[in-house]
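In full-length UniProt numbering, the protein residues as written are 1 to 495. Here a beta-carbon is modelled for each residue, glycine too, at the ideal position from N, C-alpha and C. Here the structure comes first, spelled out in structure tokens, and everything after it is commentary.
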């Protein structure tokens with residue numbers, strides 16, 4: 001990152017030939033990758049200009065045959081920096097600074113909403129910031145005494161976003177170079193799952209793959225942007241893999257929403273019963289709860305049967321869903337990324353990359369501060385089960401088979417096969433209270449009876465490979481055949 005010295009010419013007058021006369025001279029030093037908003041800030045600080053009351057216009061003269069060129073956005077700054085590369089002397093290509101009052105009585109026209117847009121650029125630097133045209137109207141009136149119509153404020157917002165992020169269509173042209181550098185930085189395969197509709201100018205969908213780590217927190221695996229959600233068609237089937245999508249019609253909360261809409265009886269009792277039935281560990285529990293649902297409303301039982309028990313019931317699932325029944329990790333990630341959906345495509349992908357970079361670093365620090373055998377979530381679950389196990393009586397039947405008595409109920413635990421008649425041991429892949437009671441009688445530790453996926457060692461391996469930072473775009477070395485690739489926005493998909 002190089003430092004560029006720049007001469008400032010201010011407080012002068014433009015003559016009829018497009019030349020600044022009778023000016024004062026000053027100077028600044030900026031990085032060669034400085035943005036438009038940062039350049040304005042540095043100039044304002046050096047010349048002691050209050051940008052809340054003044055508007056700064058920046059121009060420079062290429063040669064005596066050209067009219068002054070105005071810098072209005074990030075691209076203008078980049079063009080100037082490239083021009084300045086030819087001669088980095090302080091006096092070459094000086095910036096001509098014109099400062100004018102923000103006329104409080106001025107009626108803003110459609111043409112100069114760009115000036116308002118440039119003033120509100122900092123409000124949109126963070127994608128999570130919500131700053132509406134109504135907010136622009138309020139701030140312009142309260143801070144500057146300028147009364148904008150809603151449409152003028154809306155145009156000012158669009159101008160600010162254009163200055164900051166460029167045009168949505170132009171972002172697609174950057175994709176080949178961005179993906180080339182991304183592949184060089186992170187070589188490896190890509191897997192995709194859950195879909196999130198984006199709000200940018202083109203109707204596309206971001207697919208993400210997410211799972212739960214040993215600490216019980218979200219682990220994003222991969223992401224991609226497509227123009228339709230066809231995951232199963234694209235990815236196919238994998239043995240012993242369960243894909244849970246928040247757009248799946250059989251997801252628990254979606255089924256309950258449909259039940260509430262279709263059937264009007266006993267919602268309070270049905271809600272508790274329905275979710276308990278879905279999370280049942282044994283067929284006996286499931287059938288008992290389904291009978292109670294039938295007593296309240298037989299139509300609900302028929303509706304759930306038609307959907308297919310294997311799609312929503314833990315005990316009927318063809319692949320072990322472990323803890324995904326109680327953790328909506330897909331929608332949790334959607335909450336984190338909801339404010340980024342209006343970004344141009346390259347900026348969106350870059351936001352996701354930096355999110356993974358930040359999360360990986362933060363979670364690695366937490367793992368190194370964890371000293372239990374299991375990750376936080378599963379260690380807590382094990383502690384709860386251990387507390388319950390102290391109230392149980394155990395009778396050994398064979399080397400690895402034990403009868404565990406809980407009040408008037410009895411359960412059979414087979415430690416060799418890691419199973420319990422309660423169903424919890426084999427489905428959660430974590431010792432249930434009955435298994436822990438049997439282990440305590442044998443004076444045996446629990447470690448080898450837990451899924452290796454829940455361990456601190458596995459959690460450490462998950463985050464020990466860092467997500468390396470990407471270099472600045474100005475430093476990319478992209479082959480010519482990549483830069484010449486043409487990527488257009490989706491056809492017929494513009495909003």
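Exposed or buried, residue 479, counting other C-beta atoms within 10 Å across all chains shown (16 or more means buried)? Stepping through the chain shown from its first residue, residue 479 is reached at position 479. Its Cβ having fewer than 16 others within 10 Å, residue 479 is exposed.
Chain C beta carbons: is any one of them nearer than 8 Å to that of residue 123? Protein chain content of the structure displayed is limited to a single chain, and chain C is not contained in it.
Can you look up residue 209 in the DSSP assignment and give me helix, strand or coil? By one-based count along the chain shown, residue 209 stands at place 209. Residue 209 sits in a strand when the DSSP states are folded into three classes.
Using the Cα positions of residue 135 and residue 484, report the straight-line distance between them to the nearest angstrom. What you label residue 135 is simply residue 135 of the chain shown in a count that begins at 1. What you label residue 484 is simply residue 484 of the chain shown in a count that begins at 1. For residue 135 and residue 484, the distance between alpha carbons rounds to 42 Å.
Bridge partner(s) assigned by DSSP for residue 57: Along the chain shown, read from residue 1 onward, the residue named residue 57 stands at position 57. DSSP output for residue 57 lists 98 as bridge partner(s).
With 16 other Cβ atoms within 10 Å as the buried cut-off, status of residue 196: Numbered from 1 along the chain shown, position 196 holds the residue referred to as residue 196. Only weak support is given to the placement of residue 196: the predicted model assigns it a pLDDT of 48, under 50, and the question is left unresolved by the model.
Those residues which DSSP pairs with residue 9 across a bridge: The sequence position of residue 9 within the chain shown is 9, counting from 1. DSSP lists 25 and 96 as partners of residue 9.
Based on the DSSP output, what are the partners of residue 396 in its beta bridges? In the chain shown, counting from the first residue as 1, residue 396 sits at position 396. Partner(s): 402.
Chain-order list of residues whose beta-carbon lies under 7 Å from that of residue 269 (same chain, five-residue window excluded): Mapped onto the chain shown, residue 269 falls at position 269. Closer than 7 Å at Cβ, skipping near neighbours: 296.
Determine the direct distance from the alpha carbon of residue 383 to that of residue 401, and round the result to whole angstroms. Along the chain shown, read from residue 1 onward, the residue named residue 401 stands at position 401. Along the chain shown, read from residue 1 onward, the residue named residue 383 stands at position 383. So the alpha carbons of these two residues sit roughly 23 Å apart.
Give the C-beta separation of residue 408 and residue 437 to the nearest angstrom, bearing in mind that I take them to be a contact with Cβ-Cβ under 8 Å. What you label residue 408 is simply residue 408 of the chain shown in a count that begins at 1. What you label residue 437 is simply residue 437 of the chain shown in a count that begins at 1. No, residue 408 and residue 437 are not in contact; Cβ-Cβ is about 16 Å, not under 8 Å.
Output the distance between the C-alpha atoms of residue 476 and residue 179, rounded to the nearest integer angstrom. Taking the first residue of the chain shown as 1, we reach residue 476 at position 476. Taking the first residue of the chain shown as 1, we reach residue 179 at position 179. Between residue 476 and residue 179, the C-alpha separation is close to 11 Å.
State the CB to CB distance for the pair residue 506 and residue 215, rounded to an integer number of angstroms; the pair is presumed to be in contact (CB under 8 Å). Since the displayed the chain opens at 1 and closes at 495, residue 506 lies outside it and no answer follows.
Given residue 283 as reference, the closest of 260, 316, 275 and 264 once Cα atoms are compared: For the purposes of this step, residue 283 is identified with residue 283 of the chain shown, where counting begins at 1. Answer by Cα proximity: 316.
Which residues share a DSSP beta bridge with residue 419? On the chain shown, residue 419 is found 419 positions in, with the first residue counted as 1. The partner list for residue 419 (beta bridge, DSSP) reads 414.
Quick check: what's the CA-CA separation for residue 290 versus residue 412? For this step, residue 290 is matched to residue 290 along the chain shown. For this step, residue 412 is matched to residue 412 along the chain shown. About 24 Å.
Could you check the C-alpha separation between residue 387 and residue 285 for me, to the nearest Å? For the purposes of this step, residue 387 is taken as residue 387 along the chain shown, with counting starting at 1. For the purposes of this step, residue 285 is taken as residue 285 along the chain shown, with counting starting at 1. Put simply, the backbone Cα of residue 387 is about 23 Å away from that of residue 285.
Can you tell me which of 5, 468, 395 and 21 puts its alpha carbon nearest to the alpha carbon of residue 12? Position 12 of the chain shown, counted from the start, is the residue given in the question as residue 12. Cα-wise, what sits closest to residue 12 is 21.
Do residue 74 and residue 36 have their C-beta atoms closer together than 8 Å? The residue labelled residue 74 in the question sits at position 74 within the chain shown. The residue labelled residue 36 in the question sits at position 36 within the chain shown. Cβ distance < 8 Å, so residue 74 and residue 36 count as in contact.
Can you grab the Cα-Cα spacing for the pair residue 442 / residue 453, in whole Å? Sequence index remark: in the chain shown, residue 442 carries index 442 (1-based). Sequence index remark: in the chain shown, residue 453 carries index 453 (1-based). Residue 442 and residue 453: Cα-Cα distance of roughly 25 Å.
Would you mind giving the Cβ-Cβ distance between residue 433 and residue 392, rounded to the nearest angstrom? I have them listed as a contact below 8 Å. Within the chain shown, numbered from 1, the residue matching residue 433 stands at position 433. Within the chain shown, numbered from 1, the residue matching residue 392 stands at position 392. About 6 Å separates the two Cβ atoms, so the contact holds.
Apply the 10 Å Cβ neighbour rule to residue 141 and answer buried if 16 or more other Cβ atoms are within range, or exposed otherwise. Along the chain shown, read from residue 1 onward, the residue named residue 141 stands at position 141. Exposed.
N-terminal and C-terminal residue of the alpha helix (DSSP H) that residue 357 is part of: If you number the chain shown from 1, residue 357 lands on position 357. Segment 345 to 368, the alpha helix (DSSP H) holding residue 357.
Beta bridge counterpart(s) of residue 116 as assigned by DSSP: Against the chain shown, residue 116 aligns to sequence position 116. Residue 116 is not bridged to any residue.
Given that a residue counts as buried once 16 or more other Cβ atoms are within 10 Å of its Cβ, and exposed if not, what is residue 9? By one-based count along the chain shown, residue 9 stands at place 9. Buried, since its Cβ has 16 or more Cβ neighbours within 10 Å.
Kindly indicate which residue of 288, 464 and 487 has the alpha-carbon position closest to the one of residue 357. For this step, residue 357 is matched to residue 357 along the chain shown. Here the closest residue by C-alpha is 464.
Is residue 395 buried or exposed, if buried means 16 or more other CB atoms sit within 10 Å of its CB? The residue given as residue 395 occupies position 395 in the chain shown. Classification of residue 395: exposed, given that the 10 Å Cβ count is below 16.
Among 292, 210 and 101, whose alpha-carbon lies nearest the alpha-carbon of residue 274? As a position in the chain shown, residue 274 is number 274, starting the count at 1. Comparing Cα-Cα distances from residue 274 to each of 292, 210 and 101, the minimum goes to 292.
Given that a residue counts as buried once 16 or more other Cβ atoms are within 10 Å of its Cβ, and exposed if not, what is residue 365? Indexing the chain shown from 1 puts residue 365 at position 365. With fewer than 16 other Cβ atoms within 10 Å, it is exposed.
Taking the C-alpha atoms as reference points, what is the distance between residue 143 and residue 46? Within the chain shown, residue 143 is the residue found at index 143, counting from 1. Within the chain shown, residue 46 is the residue found at index 46, counting from 1. Between residue 143 and residue 46, the C-alpha separation is close to 23 Å.
Using the C-alpha atoms, what's the distance from residue 59 back to residue 17? Translated into positions along the chain shown, residue 17 becomes position 17. Translated into positions along the chain shown, residue 59 becomes position 59. Looking at the two C-alpha atoms, the distance is approximately 14 Å.
Please classify residue 297: does DSSP put it in a helix, a strand, or coil? Taking the chain shown and counting its residues from 1, one reaches residue 297 at position 297. It is coil, neither helix nor strand.
Spell out a yes or no on whether the stretch 113 to 131 and the stretch 155 to 167 are touching, meaning 3 or more CB-CB pairs, one atom from each, closer than 8 Å. yes
Could you give the DSSP three-state label for residue 159: helix, strand or coil? Walking along the chain shown from the start, residue 159 turns up at place 159. Residue 159: helix per DSSP, three-state reduction.
Residue range of the beta strand (DSSP E) that includes residue 62: Taking the chain shown and counting its residues from 1, one reaches residue 62 at position 62. Unbroken run through residue 62: none, as it is neither H nor E.
Going by the beta-carbon positions, is the gap between residue 128 and residue 217 smaller than 8 Å? Locating residue 128 in the chain shown gives position 128, where the first residue counts as 1. Locating residue 217 in the chain shown gives position 217, where the first residue counts as 1. No. Outside cutoff.
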